[in-house]
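Numbering (my numbering), first residue to last: 1 to 231. Here the structure is laid out as structure tokens; the discussion comes afterwards.
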Ligand SMILES: [Zn+2]
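Below, the structure written as structure tokens:
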């Protein structure tokens with residue numbers, strides 16, 4: 001198949017939309033091939049079932065207009081960076097040949113997110129190996145970026161902020177598909193999850209003099225052709 005240029009590796013269905021919905025919608029609007037690999041089905045949760053989560057995920061996928069989305073079927077709440085999971089994820093990288101991988105940042109309160117971050121690092125390396133029983137040809141995704149989730153109550157140190165002002169409405173529309181996770185009753189709080197996500201989008205937007213932003217980090221140096229993209 002034609003390569004997926006941008007591939008999100010997310011621990012749970014809804015992580016990609018929460019952290020990167022605006023960024024992904026922006027890439028898709030420009031005609032990029034964008035995929036999301038959810039590592040687990042995200043269940044159990046208080047108001048979800050496997051069927052409800054699958055339905056919500058395909059509705060959000062349609063709102064964003066993703067080119068590709070699959071679920072790797074690894075165990076939710078018990079996600080581990082083990083050899084079996086590494087092999088499965090490396091095989092996906094070899095199949096899709098992404099140029100940019102977007103992975104969980106390792107600094108996170110959710111153990112599955114931390115495991116997903118390590119697992120993505122390891123699978124990226126393994127995907128380039130020759131003399132292996134992995135299917136397909138070797139491939140090393142050249143760019144690895146980290147996104148931030150909402151569990152750790154701290155403002156992360158971001159390397160860049162994407163201006164998602166033109167696509168924030170699409171992100172919120174995609175998030176509303178996840179009714180069992182983001183809308184139904186939760187622990188008493190002064191604000192709803194959607195209000196919190198909107199507020200964080202505004203706060204990051206302020207840092208780049210725009211309406212809405214999404215932060216990203218990079219574990220490696222990033223190359224720019226010139227300074228015209230910097231604002
Ligand atoms: Zn998650």
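Cβ coordinates follow ideal geometry from the N, Cα and C atoms, glycine included.
Shortest alpha-carbon distance to residue i belongs to which of the options?
i	options	result
residue 3	99, 17 and 228	99
residue 63	17, 217 and 83	17
residue 67	51, 34, 170 and 179	34
residue 154	70, 200, 39 and 205	200
residue 1	162, 74, 115 and 95	95
residue 106	52, 76 and 157	157
residue 25	190, 166 and 193	166
residue 197	160, 222, 184 and 151	151
residue 118	109, 129 and 103	103
residue 221	184, 159 and 175	159
residue 162	97, 15, 207 and 86	207
residue 7	121, 209, 93 and 174	93
residue 148	109, 223 and 191	109
residue 76	210, 121 and 40	40
residue 10	171, 209, 120 and 173	120
residue 49	217, 175 and 13	13
residue 47	182, 170 and 87	182
residue 173	65, 78 and 32	65
residue 139	112, 111 and 97	97
residue 164	209, 143, 144 and 122	209
Drop a sphere of 10 angstroms on the beta-carbon of residue i, count the other beta-carbons inside from all chains shown, and report buried for 16 or more, exposed for fewer.
i	result
residue 168	buried
residue 131	exposed
residue 205	buried
residue 101	buried
residue 192	exposed
residue 215	buried
residue 175	buried
residue 86	buried
Rounding to the nearest angstrom, what Cα-Cα distance links residue i and residue j in this structure?
i	j	result
residue 59	residue 42	16 angstroms
residue 203	residue 213	8 angstroms
residue 127	residue 146	18 angstroms
residue 30	residue 115	32 angstroms
residue 124	residue 141	7 angstroms
residue 19	residue 180	18 angstroms
residue 231	residue 74	40 angstroms
residue 53	residue 177	10 angstroms
residue 83	residue 134	12 angstroms
residue 69	residue 28	14 angstroms
residue 55	residue 21	18 angstroms
residue 228	residue 5	22 angstroms
residue 57	residue 89	20 angstroms
residue 184	residue 81	31 angstroms
residue 37	residue 225	29 angstroms
residue 223	residue 61	30 angstroms
residue 189	residue 195	11 angstroms
residue 23	residue 137	29 angstroms
residue 211	residue 71	33 angstroms
residue 44	residue 51	11 angstroms
residue 219	residue 170	28 angstroms
residue 79	residue 113	8 angstroms
Which one or two residues does DSSP pair with residue i in a beta bridge?
i	result
residue 6	34 and 100
residue 15	According to DSSP, residue 15 bridges with nothing at all.
residue 215	161
- Which residues, in chain order, sit with a beta-carbon under 5 angstroms away from any heavy atom of ligand 3? With respect to small molecules bound, the structure shown includes ligand 1 and not ligand 3.
**Study point:** Runs of alpha helix (DSSP H) wholly within the region 27 to 107 (minimum 4 residues, chain order)
**Key:** Complete alpha helix (DSSP H) runs here, min 4: 50 to 64 and 83 to 96.
_Which complete beta strand (DSSP E) runs does the region 107 to 164 hold, if anything under 3 residues is left out?_
As far as the region 107 to 164 is concerned, its whole beta strand (DSSP E) runs of at least 3 residues are 143 to 147 and 160 to 163.
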